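Heads up, the thing below is written out as structure tokens.
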Amino acid sequence: MAASFANTQVSGKVATRQVAQGRVAPFRATGVRKAAGAQTSSSLFAGVSVPQRVFAMGGARSVSRAVQTVFAMRDGAVLEGRKLRVAVIGGGPSGACAAETLAKGGVETYLIERKLDNCKPCGGAIPLCMVEEFDLPMEIIDRKVTKMKMISPSNREVDVGKTLSETEWIGMCRREVFDDYLRNRAQKLGANIVNGLFMRSEQQGSDGPFTIHYTSYADGSKMGVPATMEVDIIIGADGANSRVAKEIDAGEYDYAIAFQERIRIPDDKMKYYENLAEMYVGDDVSPDFYGWVFPKYDHVAVGTGTVVNKTAIKQYQQATRDRAKVKTEGGKIIRVEAHPIPEHPRPRRCKGRVALVGDAAGYVTKCSGEGIYFAAKSGRMCAEAIVEGSANGTKMAGEDAIRVYLDKWDRKYWATYKVLDILQKVFYRSNPAREAFVELCEDSYVQKMTFDSYLYKTVVPGNPLDDVKLLVRTVSSLIRSNALRSANSNSVDVSFGSKANSERVATA
Ligand SMILES: Cc1cc2nc3c(=O)[nH]c(=O)nc-3n(C[C@H](O)[C@H](O)[C@H](O)COP(=O)(O)OP(=O)(O)OC[C@H]3O[C@@H](n4cnc5c(N)ncnc54)[C@H](O)[C@@H]3O)c2cc1C
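For the sequence shown, the numbering used here begins at 189 and goes up steadily by one.
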């Protein structure tokens, strides 16, 4: 980690000068030491062609008016002697990829991350296409999963990696390694990495710069010191509990709570999970999601999630562990973690010169709970739109540029989110439906289509004849599962809300 702290000091020194009886905005020095190749403004007025004598003008009103004029810069205005300044809040995959693209594109970039050795609670599974698209080195990929077992409520196991070729796999990473690599790469390309906790921001009028207030940890203390910086655009990449989203009233989203335990298991048991991941479905492990055992570097991650009955998450976790008991026996829990997973995009993802990306925007797919690729991709797409809209950081850019990213995003991924949403509603709603789902997974055609769309993030055109066969199989499986469901309706145990939960606990 030492390397990532090099060149990233923020002094926290705030040169604030109240002007003329507090009637105008203060001037601040950012005090950010830049990474090689990056440019830094030393004050709000750096690079803006304002005669210095303006500050000497007498009377609060004249100064105030002069300052207001300087603050406001409409989109498209040429920036003289300085570059566009963008702060990216959050250094996960979305923030790091946004920062990298901005810095490469000539924008003065600040990536503010509260914890540079953050270990985001995450399964760490990434699709194959991400490796090439984001030029990821093999050292940051711990395991290549080539086999996957879907396990039904009645413990019927179906192997779903059969159609993978020798060169196809799912990558498994540790997020502390993965995120660190992406941030360091952004820094090498010119982004300024700031170890700080974003607190709030304020904008000087709708066309003016933002003052960002954050707690700087550059001095190495845990408490940190208050600091500010000024930028033209903010990208909120600060995850599911985004403060940036709250600031722009982005609206709430439904979220799942996901729980995960990292378990170090004996070597012979680890051998079984060497290149194998398991997914468990059933009311016991989750009423609306799945439980998983994913192989990590030298341990397995066992977890589950739910939206509809969050208070029962530990009970679902216990059930997931029970189902995998024989295969993980003798294991030692080395880490317990929990985190929200957004269920759908926020109602608002942009306001003026503020944009949201990744989990902050709500880009996790239903059914699979996949978010790393979409976070990195949205960060990159948002940054590309800003680089283009600002002519490589030479012009002011804002909402129009950000909306280009949102339009492209929605066109590219709307259908993916919708299909996975429908699949979750159809197949995760009852145990008979889950049995039908696992049964369908046995079909080679289903496996090929599923893996191709997961690994390559493209909707692969199918074979019309196989599509019809698949439709018939799906419908008949669902009819069968519905019949079973009605027959068992008196005994089906689906829990919604804490009452059902407490009843379950009481009878456990
Ligand atoms: C248990 C679990 C398992 C998962 N498994 C998978 C999986 O296997 N595969 C997959 O694709 N997805 C998985 N996901 C989803 C995935 O983790 C997220 O979609 C992904 O991390 C989103 O990336 P992000 O950059 O948008 O946000 P995050 O990764 O959450 O990064 C946000 C960053 O912002 C920083 N931050 C937050 N607030 C502030 C602040 N105020 N100031 C400064 N910094 C701040 C945080 O420290 C963090 O580094 C899982 C999620 C959970 C909870």
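Each residue gets a CB set at the ideal place from its N, CA and C atoms; glycine is no exception.
Please read these numbers as outputs of a predicted model, since none were measured by experiment.
task: Leaving out five residues on either side along the sequence, give the residues of the same chain with a beta carbon under 6 Å from the beta carbon of VAL348.
output: MET336, MET338, CYS629 and GLN635
Classification of VAL266 by the beta-carbon crowding that lies within 10 angstroms, buried from 16 upward: exposed
task: Identify the continuous alpha helix (DSSP H) that holds PRO620 and give its terminal residues.
output: 619–629
Own chain, CB closer than 6 Å to THR334, minus 5 neighbours either side, in chain order: GLY349, LEU352, TRP357 and ASN463
message: So, under 8 Å CB-CB, ALA260 and ASP395 are touching, yes? Tell me the CB distance rounded to an integer number of Å.
response: 4 Å
message: Within 10 Å of its beta-carbon, does GLU623 have 16 or more other beta-carbons around it, so buried, or fewer, so exposed?
response: buried
message: If distances are taken between C-alpha atoms only, which option among PHE615, LYS410, PRO533 and LEU608 comes closest to VAL764?
response: A question about residue 764 goes unanswered here, because the residues of the chain that appear run from 189 up to 696.
message: With three or more C-beta pairs closer than 8 Å as the rule, is the region 287–294 touching the region 374–381?
response: yes
query: What is the C-beta distance between GLY280 and GLY491, in whole angstroms, given that I count them as a contact (C-beta under 8 Å)?
result: So it is not a contact: roughly 18 Å between Cβ atoms.
task: Just list the beta strand (DSSP E) runs in the region 451–494, keeping only unbroken ones of 3 residues or longer that don't cross its boundaries, in chain order.
output: 464–468, 479–483 and 488–494
message: Using a Cβ-based criterion (distance less than 6 Å to any ligand heavy atom), does GLY448 qualify as near ligand 1?
response: According to the sequence displayed, residue 448 carries Gln and not Gly. Yes; taking the cut-off as 6 Å, the Cβ of GLN448 has a heavy atom of ligand 1 nearer than that.
field: the region 447–458 / the region 557–570 touching (three or more Cβ pairs under 8 Å)
entry: no
query: Going by alpha carbons, who is nearest to LEU141 out of SER404, ARG363 and GLN506?
result: No answer is possible for residue 141: the residues shown for the chain start at 189 and end at 696.
query: Grouping DSSP H, G and I as helix and E and B as strand, with all else coil, what is LEU324?
result: coil
task: Hey, could you find the ends of the alpha helix (DSSP H) HIS587 is sitting in?
output: The residue asked about is misnamed: residue 587 is Glu in this sequence, not His. 587–615 is the extent of the alpha helix (DSSP H) around GLU587.
query: Just reading off the alpha helix (DSSP H) that TYR644 is part of, what are its end residues?
result: 632–644
- request: Indicate the three-state DSSP secondary structure (helix, strand or coil) for MET411 in the structure shown.
  value: coil
Proximity test, LYS303 beta-carbon vs ligand 1 heavy atom, cut-off 6 Å: yes
- request: Let me know the secondary structure DSSP gives ASN497 once reduced to three states.
  value: coil
query: Does ligand 1 have a heavy atom nearer than 6 Å to the CB of HIS532?
result: no
query: Using a threshold of 6 Å, is the CB atom of GLU390 nearer than that to any non-hydrogen atom of ligand 1?
result: no
message: Under 8 Å: do the region 597–615 and the region 544–563 share three or more Cβ pairs, one atom per stretch?
response: yes
Nearest-angstrom beta carbon gap, PRO341 and ASP471 [assumed within contact, 8 Å]: 7 Å
- prompt: How about GLY519 and ILE451: are their beta carbons less than 7 Å apart?
  reply: yes
query: To which residues does DSSP link ILE445 through a beta bridge?
result: THR494 and PRO528
message: Tell me the DSSP secondary structure of CYS538 in three-state form.
response: strand
field: Backbone secondary structure at GLU296 - three-state DSSP
entry: strand
field: Contact check, LYS515 vs TYR460, beta carbons under 7 Å
entry: yes
query: Under 6 Å from any heavy atom of ligand 1, does the C-beta of ILE423 make it?
result: no
task: Tell me whether ILE436 sits in a helix, a strand or coil according to DSSP, three-state version.
output: coil
message: What I want to know is whether the C-beta of VAL552 ends up closer than 6 Å to one or more non-hydrogen atoms of ligand 1.
response: yes
field: Member of ILE574, VAL626 and ASP595 whose CA lies at the smallest distance from the CA of ALA585
entry: ILE574
- prompt: Taking 6 Å as the line, does the beta carbon of LEU544 fall inside it for any heavy atom of ligand 1?
  reply: no
Residues bridged to LYS308 [DSSP beta-bridge criterion]: DSSP, once it has assigned bridges, lists no residue as partnering LYS308.
message: If contact is defined by three or more beta carbon pairs under 8 Å, each pair taking one atom from either stretch, is the region 525–533 in contact with the region 425–445?
response: yes
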